[in-house]
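In UniProt numbering, the protein residues as written are 1 to 984.
Backbone N, C-alpha and C fix where the C-beta goes; we use that ideal spot for every residue, glycine too.
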């Protein structure tokens, strides 16, 4: 075509794009005339910007997100956006188009009577128009309304048509919310009961009643630990979700709660949840941020209830103890939730997991009474099946009143009526109520409603698989179940028929179903016991399938997990490799309880989970020693120090023990300030450090066992470096260039780590293979800073940077009078900006909080060193940096002192302009009495940020008893770091 026609085509295309941008789905022939050559060419180009969708059996088009965004921005640029919106005429059924028009024109949107579909279209329209029409007012209430609808739907799925037989328990829950026993720790109710007893249904009814119409009742916040977001047990994740849900009840707090969440997310990104110090200071900072951001709304008026469901998941995982959670909730009550009530709901709380917790209120759900069970069974069977009450009562007397069992029984009776009831009663002579649900499931599986005998053959053995797909039916189940080779079409047909048995399976993504969890758990052992050969054949077939990675959907790791699952259930039991065990245990979930105690114990030890007594009793050496060390390590993470680290051992004893247990003992001893125990672990720690199979035991090398041993050995340098020599001579020469992987941001090589260990003890490596390490252009972490300080050189190109967050940023003289230049040091642009903000924020006489100190802490800024040779002694002092690696020793020394010793030092710090209010004399004394270890950690960190840590060390030596050996180690370490600019 000519250039003139090209211009006309482009004009027609732009006009059609402008119209399409205002519509949802549309017919392209309504925008362009296919009989016109120009418009036909434009139509062909428009097709490349659209997706084809099927609506009411009609093929329509919809503009792609990128094309719509580009077109709307273009219309806004030319000032024609509003006019095109006014001209748009979306079809009556085009709800997206109607919302697009209203949003762009700023029209009111009716907030009442919006269906769930309407909300979806409105939400989409808001997202599509963000670049051109900011409607934050609408976006906020839409997001809130969607969240409320989601929460209501979650409750609705658990609600029975009518709650029967639990009226007394529901009344007890209501009373708990408003009770006032006068006991400070009586704010937790424990709701327990076996699976299927009806805890979720009871809680759903309770939540709906308490929440009230239009969410105008008592705020009820729900945390389900079955959700992956909470599996790690981070208090910050829990609090963020609580604040999000609280906002739905208290919209007037929206801005403050949003500010709180943003603050928490920013601070949490910096924390390492594997260290007590970070866990302690993170928890304190969390509450400080809460009180600061939401102070205008505190204390909260009225009751607030938080329900922790499936709590057994996190209590047994080892990531968050019940004691830690209860303690945090107690602190939360003092931080603005005076009427907080908490419900701990779970199948069971084993004594070993809840020891030491006060349990004033407990509600243990058991079977329904016979009368209530009959009433519930009648309701579930329905009016279409007529069965005498006496007959139902006889079944209840036989089977019991577990609600899940009654649900299964109702399915059976709806299918078989009175005949099925009489058949069940006829079997009572060989019946054991303990296996009532298994008894029923067997009969249900025998009554699958189908005219296809092959479905019956695969349905029961199919329980062996954790998921069923057409491909698994064809390649795994068909032959062992006696079907022989089947075609793709036949496998698909069987899968479709199996999917229709909704009482037996539930969908899981596309082309996959799962057997219902309770059914599978009960029936798996029964099936394998009665049909041993077929079960073994299915397991072997599944192993071959997953070993060859034949599943088209699962990842390779997921298929390895399935392979090892089936392997564990064959005669040739084989545990997964150590690196796969944590993922394997997470994937198994409740299925792990189907394994024998000894296997469960091995898996849980491998994934560092807590063991029940029956599991722990099965452990043999060295697993029992390893598990004891893991338990002690969790204690340290929770409390800040170990309880049994004083047990020291001879070198011979150490050599005979599991290396991980020895490393755990050394770590625990360091946290507890038991220097002799740390030193007794030195040989094993050094040996394991040089092992090709070493496992990193910290995120930063300066928190590793071998570095902690090196710190404690500074007065035994010859012995330490002799062991280091022996370790170094055994390593593969090529391995010195391999990264340690202690930190993903700036990984040290093994050779650099050896260099640091030697240099810390004032020596050089004995081998030329370890050259002086060159650090990167930006020092990002403590290990990299120490590497440079101990003699590492800057890169060949001149100049490097040190992150300000690694330095004592609150020390006197740290902030320059001219922020642009600190000869021979200088700040980069980000550092200038961050320190300028802090300077402007400072007001004489203002009292700061820990939250404000965290908010004003430099994160992105750097100190730039152009010429290392020109650094002066005062410059080196500024670059000395924080020393978090020795905080545990300082905390251990503080533990030996009276509270007043720390309070006295706090008084001496009060003159510093950034000293926080929570660490003032009165507040610090109160805080230390409540939670000494956590507040001591926060105190030490703030002291170090002020550059006063060595003065605190001297104070602890002067005022404490038995602190000198610990603090001498800290002094020795400090001296080595001070000498870094004059190595030799």
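Annotation: the stretch 704-785 contains no complete segment of the beta strand (DSSP E) (minimum length 3 residues). Nearest in C-alpha terms to residue 463, of all of 506, 738, 485, is 506. The beta carbons of residue 467 and residue 565 sit no closer together than 8 Å. Proximity to residue 390 across 422, 411, 76, 856 peaks at 422, based on C-alpha coordinates. When secondary structure is reduced to three states using DSSP, residue 130 falls in the coil class, being assigned neither helix nor strand. Proximity to residue 800 across 786, 37, 784, 779 peaks at 779, based on C-alpha coordinates.
When only Cα atoms are considered, residue 538 and residue 457 end up about 13 Å apart. Under the rule that a run must span 3 or more residues, no beta strand (DSSP E) segment is found entirely inside the stretch 895-973. Residue 781 and residue 813 have their C-alpha atoms some 23 Å from each other.
Setting aside the 5 residues that flank it on each side, residue 786 is surrounded in the same chain by 702, 756, each with a C-beta closer than 7 Å to its C-beta; the list follows chain order.
Residue pairing of residue 803 in beta bridges, as defined by DSSP: 862. If one requires a minimum length of 4 residues, the alpha helix (DSSP H) runs lying completely within the stretch 48-92 are 65-77, 81-87, in chain order. For residue 763, same chain residues with a beta-carbon under 7 Å away, outside a window of 5 residues either side, are 721 in chain order. Taking 8 Å as the cut-off, the Cβ atoms of residue 418 and residue 177 do not count as close. CA-CA distance, residue 249 to residue 337, rounds to 15 Å. Beta-bridge annotation (DSSP): residue 346 is paired with 192.
For residue 23, the secondary structure class from DSSP, reduced to helix, strand or coil, is coil. Take residue 933, set aside five residues on each side of it, and the residues of its chain with a beta-carbon closer than 8 Å to its own are 276, 280, 639, 640, 641, 891, 895, in chain order. The beta carbon of residue 614 sits closer than 7 Å to the beta carbons of 597 from its chain, once the five residues preceding and following it are set aside; these are given in chain order. The stretch 551-600 contains, as complete alpha helix (DSSP H) runs of 4+ residues, the segments 556-568, 581-588 (chain order). If you draw a straight line from the Cα of residue 957 to the Cα of residue 967, it is about 7 Å long.
Along the length of the stretch 452-539, whole beta strand (DSSP E) runs at least 3 residues long occupy 505-507, 513-515, reported in chain order. For residue 305, the three-state secondary structure derived from DSSP is strand. DSSP lists 864 as the beta-bridge partner residues of residue 826. Boundaries around residue 220 are those of the beta strand (DSSP E), 220-224, since no alpha helix (DSSP H) includes it. Residue 477 and residue 461 have their C-alpha atoms roughly 8 Å apart. For residue 364, the three-state secondary structure derived from DSSP is strand.
When secondary structure is reduced to three states using DSSP, residue 244 falls in the helix class.
Rounded to the nearest angstrom, the gap between the Cα atoms of residue 975 and residue 955 is 17 Å. With a contact defined as Cβ atoms closer than 8 Å, residue 739 and residue 749 qualify at about 6 Å. With a 10 Å radius around the Cβ and a threshold of 16 neighbouring Cβ atoms, residue 532 comes out exposed. A Cβ-Cβ separation of about 18 Å leaves residue 61 out of contact with residue 99 under the 8 Å criterion. Shortest Cα-Cα distance from residue 707 to any of 692, 327, 687 involves 687. In this structure, residue 366 lies away from residue 414, with their beta-carbon atoms at least 8 Å apart. Here residue 234 carries a coil assignment [DSSP, helix/strand/coil]. Our two residues, residue 979 and residue 633, have alpha carbons roughly 34 Å apart in a direct line.
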